[in-house]
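A.B. asks: Before I ask anything, let me first share the structure, which is written out below as structure tokens.
Protein chains: 2
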Amino acid sequence: MSKQSIKLSVDAVVFGYEEGNISVLLIKRKYDPFKGQWAIPGGFVENNESLEDAVERELFEETGIKINYLEQLYTFGKPNRDPRGRVVSIAYFGLVRPNAFKLYASTDAEQAQWFNINDLPKLSFDHKEILKTAIERLQGKITYEPIGFELLDKKFPFSDLEKLYTTLLGREIDRRNFRKKIVGLNVLDELDEKVSKGSGRPANLFQFNQKRYFQLKKEGIIFEI
Amino acid sequence: MSKQSIKLSVDAVVFGYEEGNISVLLIKRKYDPFKGQWAIPGGFVENNESLEDAVERELFEETGIKINYLEQLYTFGKPNRDPRGRVVSIAYFGLVRPNAFKLYASTDAEQAQWFNINDLPKLSFDHKEILKTAIERLQGKITYEPIGFELLDKKFPFSDLEKLYTTLLGREIDRRNFRKKIVGLNVLDELDEKVSKGSGRPANLFQFNQKRYFQLKKEGIIFEI
DNA sequence: TATATTTGCGTATAAACTACACATAATGAG
DNA sequence: CTCATTATGTGTAGTTTATACGCAAATATA
């Protein structure tokens, strides 16, 4: 075999959820190729770091945010996906609350910004395809795994969880049945606190029971809403 | 950044099913490292071939079998998984009927052989971990996707499908309910042919209705047995 | 010809899901 | 202060889906 000259990079698709909006974190590229265009944060893997370390490092360098859990999404390796030569990229994805982070662009990025997933700019490389894959995974995920912990405040009214699901699923769900189902899963602790946002009856606050929540996630519970 | 010196390889976890046995295709390594030990077929990606082409080529070179569909499984990239230096490997997996192929070892492989997944030899590299991931994926898959087309003869009695599922799931299932469920999915065409193997009432033969079968697979139908 | 073996089918019960409406606790306008 | 408005919180009946279970039919073999 002739000498292999393939470069390896990682990309981080980070989804944010806030009050009925799903957004994704993009950076504006500082250098060519695609200088000035928007892209998914990412970069080359260093020789002695794990893939997970690489993606967390690149994400931090380019956007200033640190995520403790990024899940491997897919590896993209078409021969001509990067004009600089053969680059194979391992994409990861994660979920956060955007308001919990302050963005700071730095290395390789001129700017970092949240974009609503229904209002995306033109993307560099094959990042449109990567994003599409990530969105499909996200939508698939919520049908077989409980989701929420990563995307809601620590304490939240039930309506927040409901809104999260209607947003992610893109359709209405029955409020009463949804509540029964979630309560039945036993992943929520009801607190002795109420919150009132504007008019209407004040809502009880809930929080995730971490132990049971992560256990259920690990089991990959089937969870058809 | 200092120059990246990471090599990229692909591995193919190929599962076979035959009469109540699940097996996996392994090769005996011809060269160091791990010379003489068993390993999952695979090898380095060439500069201008896609990842899919690479994995199909390597599988063919080392075992003589050609598979038209290998699904990407996971990318393994721990810094010290290969004693030769940093090698990141993209693992794929596929399903076949072993009796439909004749094995021929060649490049890099001294021998290719099917192993029952309950009776595996010591494996090279981190291939034990790769195989574990593949088995988990396989077991997860059958709960939300119809499986069978790739693993059964073109025409088969219903009991073959049932046995396939009990084997893959590792537990008994109710014969009558299973049949009702599968028939309800509408993926099988009942043929006007019977087969008799040994004693007992001869069984009607079925075949998959390809169009509907692949449509259901694409939809990722939830399919709790 | 009787026995063993495998296929093919139906029904009753339990569990899960779906649809649906009204009382309660607050805010805000007049 | 009162009434209209808004959001929360809960129960039940009807339907669908899943589970449990037994017996007759068609062949091979002793």
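Chains A and B are the protein sequences, given in the same order.
Take the first sequence: its letters are residues -17 to 207, numbered as in this note's numbering.
Take the second sequence: its letters are residues -17 to 207, numbered as in this note's numbering.
For every residue, glycine included, the Cβ atom is placed at its ideal position computed from N, Cα and C.
1) Among B:Lys200, B:Arg68, B:Gly67, B:Gln121, whose alpha-carbon lies nearest the alpha-carbon of Phe75 (chain B)?
2) Below 7 Å between beta carbons is the criterion; list the residues of the region 32 to 62 of chain B that meet it against any residue of chain A, in chain order.
3) Under DSSP, the beta strand (DSSP E) around Tyr56 (chain A) begins and ends at which residues?
4) Asp142 (chain A): buried (16+ other C-beta within 10 angstroms of its C-beta) or exposed?
5) Mind listing the chain B neighbours of Ser(-13) (chain A)? Cutoff is C-beta to C-beta under 7 Å, in chain order.
6) Mark Pro139 (chain B) as exposed unless 16 or more other C-beta atoms lie within 10 angstroms of its C-beta, in which case mark it buried.
7) Where does Ile164 (chain B) sit, in a helix, a strand or coil, going by DSSP?
8) Could you please tell me which residues of the region -10 to 4 of chain B, in chain order, have their CB closer than 8 Å to any CB of chain A?
9) Please give the ranges of any beta strand (DSSP E) in the region 64 to 118 of chain B, keeping only runs that are unbroken, at least 3 residues long and fully inside the region.
10) Is there at least one Cβ from chain B nearer than 8 Å to Ser69 (chain A)'s Cβ?
11) Would you decide whether Tyr181 (chain A) is buried or exposed? Buried here means 16 or more other CB atoms lie within 10 Å of its CB.
12) With a CB to CB cut of under 7 Å and the five nearest residues on each side skipped, what residues in its chain are close to Ser(-9) (chain A)?
13) Under the DSSP definition of a beta bridge, which residues are partnered with Ile22 (chain B)?
14) Taking buried to mean at least 16 other C-beta atoms within 10 Å of its own C-beta, is Tyr51 (chain A) buried or exposed?
15) When you compare the CB positions of Glu144 (chain A) and Phe160 (chain A), do they come within less than 8 Å of one another, or not?
16) Counting only C-beta atoms, is Phe26 (chain A) closer than 8 Å to chain B at any point?
17) Which chain B residues sit within Cβ distance under 8 Å of Gly202 (chain A)?
18) For Ile155 (chain B), return the contacting residues in chain A, with the cut-off set at a CB-CB distance below 9 Å.
19) Counting contacts by CB-CB distance shorter than 8 Å, is Ile129 (chain A) in contact with chain B?
20) Give the secondary structure of Lys180 (chain B) by DSSP, where H, G and I count as helix, E and B as strand, and everything else as coil.
21) Where do the N-terminal and C-terminal ends of the alpha helix (DSSP H) with Tyr272 (chain A) fall, by residue?
22) For a test of the three-state rule: what should DSSP assign to Gln121 (chain B), helix, strand or coil?
23) Taking only the alpha-carbon atoms, compute the straight-line gap between Asn98 (chain B) and Arg119 (chain B) and give it to the nearest angstrom.
24) From Ile49 (chain B) to Asp35 (chain A), what does the alpha carbon distance come to, in whole angstroms?
25) Mark Lys(-15) (chain B) as exposed unless 16 or more other C-beta atoms lie within 10 angstroms of its C-beta, in which case mark it buried.
26) At a CB-CB cut-off below 9 Å, which residues of chain A make contact with Leu72 (chain B)?
27) Along the chain, where does the alpha helix (DSSP H) containing Arg39 (chain B) start, and where does it finish?
28) Determine the extent of the beta strand (DSSP E) in which Lys10 (chain B) is found, giving its start and end residues.
29) Indicate the three-state DSSP secondary structure (helix, strand or coil) for Glu144 (chain A) in the structure shown.
30) Could you tell me whether the region 186 to 195 of chain A touches the region 6 to 14 of chain B, where touching means 3 or more Cβ pairs closer than 8 Å?
31) Check whether the Cβ atoms of Val(-5) (chain B) and Ile112 (chain B) lie closer than 8 Å to each other.
32) Relative to the C-alpha of Lys84 (chain B), which candidate in B:Leu105, B:Arg157, B:Gly(-2) has its C-alpha closest?
33) Given this structure, state the Cα-to-Cα distance separating Gly59 (chain B) from Gln189 (chain B), to the nearest angstrom.
C.D. replies: So, from the listed chains and residues:
1) Along the second sequence, read from residue 1 onward, the residue named residue 75 (chain B) stands at position 93. Closest option to Phe75 (chain B), Cα to Cα, is B:Gln121.
2) Ser32, Leu33, Gln54, Tyr56, Thr57, Gly59, Lys60, Pro61
3) In the first sequence, counting from the first residue as 1, residue 56 (chain A) sits at position 74. Where Tyr56 (chain A) is concerned, the enclosing beta strand (DSSP E) stretches over 53 to 58.
4) Within the first sequence, numbered from 1, the residue matching residue 142 (chain A) stands at position 160. It counts as buried.
5) For the purposes of this step, residue -13 (chain A) is taken as residue 5 along the first sequence, with counting starting at 1. Around Ser(-13) (chain A), the beta-carbon contacts reaching into chain B at under 7 Å are Asn29.
6) The sequence position of residue 139 (chain B) within the second sequence is 157, counting from 1. When all chains shown are included, Pro139 (chain B) counts as buried.
7) Residue numbering aside, residue 164 (chain B) sits at position 182 when the second sequence is read from its first letter. Of the three classes helix, strand and coil, the one that applies to Ile164 (chain B) here is helix, per DSSP.
8) Leu(-10)
9) 69 to 78, 91 to 98
10) On the first sequence, position 87 is the one that residue 69 (chain A) refers to. Correcting the residue type first, residue 69 (chain A) is Val in the shown sequence and not Ser. False, the Cβ-Cβ gap to chain B never drops below 8 Å.
11) One-based indexing of the first sequence puts residue 181 (chain A) at position 199. Going by the sequence as given, residue 181 (chain A) is Ser instead of Tyr. With fewer than 16 other Cβ atoms within 10 Å, it is exposed.
12) The sequence position of residue -9 (chain A) within the first sequence is 9, counting from 1. Apart from the 5 residues on each side of it in sequence, Ser(-9) (chain A) sits with its Cβ closer than 7 Å to the Cβ of Gly24, Gly25, Phe26, Val27, Val69, Ser71 in its chain, given in chain order.
13) On the second sequence, residue 22 (chain B) is found 40 positions in, with the first residue counted as 1. Ile22 (chain B) is not bridged by DSSP to any residue.
14) Here residue 51 (chain A) refers to the residue found at position 69 when the first sequence is read from its first residue. Exposed, since its Cβ has fewer than 16 Cβ neighbours within 10 Å.
15) Translated into the one-based positions of the first sequence, residue 144 (chain A) becomes position 162. Translated into the one-based positions of the first sequence, residue 160 (chain A) becomes position 178. Yes, the Cβ-Cβ distance between Glu144 (chain A) and Phe160 (chain A) is below 8 Å.
16) Within the first sequence, residue 26 (chain A) is the residue found at index 44, counting from 1. Cβ-Cβ to chain B under 8 Å: yes for Phe26 (chain A).
17) Counting from one through the first sequence, the residue named residue 202 (chain A) turns up at place 220. Ordered by position in chain B, the residues that pass the 8 Å Cβ test against Gly202 (chain A) are Gly122.
18) To locate residue 155 (chain B), count along the second sequence from 1; it is residue 173. Going along chain A, no residue has its Cβ under 9 Å from Ile155 (chain B), so there is no contact; the nearest lies around 17 Å.
19) Residue 129 (chain A) sits at position 147 when you count from the first residue of the first sequence. When Cβ-Cβ separations below 8 Å define contact, Ile129 (chain A) makes no contact with chain B.
20) Here the question's residue 180 (chain B) lines up with position 198 in the second sequence. The amino acid occupying residue 180 (chain B) in the given sequence is Gly; Lys does not appear at that position. Coil at Gly180 (chain B), not helix or strand.
21) This structure cannot settle anything about residue 272 (chain A), because the visible part of chain A is limited to -17 through 207.
22) Locating residue 121 (chain B) in the second sequence gives position 139, counting from the first residue. Residue state for Gln121 (chain B) is assigned as helix, using DSSP reduced to three classes.
23) Working through the second sequence from its first residue, we reach residue 98 (chain B) at position 116. Working through the second sequence from its first residue, we reach residue 119 (chain B) at position 137. Using only the alpha carbons, I get a separation of about 17 Å.
24) On the second sequence, position 67 is the one that residue 49 (chain B) refers to. On the first sequence, position 53 is the one that residue 35 (chain A) refers to. Using only the alpha carbons, I get a separation of about 34 Å.
25) On the second sequence, residue -15 (chain B) is found 3 positions in, with the first residue counted as 1. Exposed, because fewer than 16 other Cβ atoms sit within 10 Å of the Cβ of Lys(-15) (chain B).
26) Mapped onto the second sequence, residue 72 (chain B) falls at position 90. Rather than Leu, the amino acid found at residue 72 (chain B) in this sequence is Ile. Under the 9 Å cutoff, chain A gives Thr57, Gly59, Val70, Ile72.
27) In the second sequence, residue 39 (chain B) corresponds to position 57, counting from 1. Boundaries of the alpha helix (DSSP H) harbouring Arg39 (chain B): 33 to 45, taken from the DSSP string.
28) As a working mapping, residue 10 (chain B) is identified with position 28 in the second sequence. Segment 3 to 11, the beta strand (DSSP E) holding Lys10 (chain B).
29) In the first sequence, the residue the question calls residue 144 (chain A) occupies position 162. Helix, per DSSP.
30) no
31) Working through the second sequence from its first residue, we reach residue -5 (chain B) at position 13. Working through the second sequence from its first residue, we reach residue 112 (chain B) at position 130. Yes.
32) Within the second sequence, numbered from 1, the residue matching residue 84 (chain B) stands at position 102. Comparing Cα-Cα distances from Lys84 (chain B) to each of B:Leu105, B:Arg157, B:Gly(-2), the minimum goes to B:Gly(-2).
33) As a position in the second sequence, residue 59 (chain B) is number 77, starting the count at 1. As a position in the second sequence, residue 189 (chain B) is number 207, starting the count at 1. One C-alpha to the other measures close to 41 Å.
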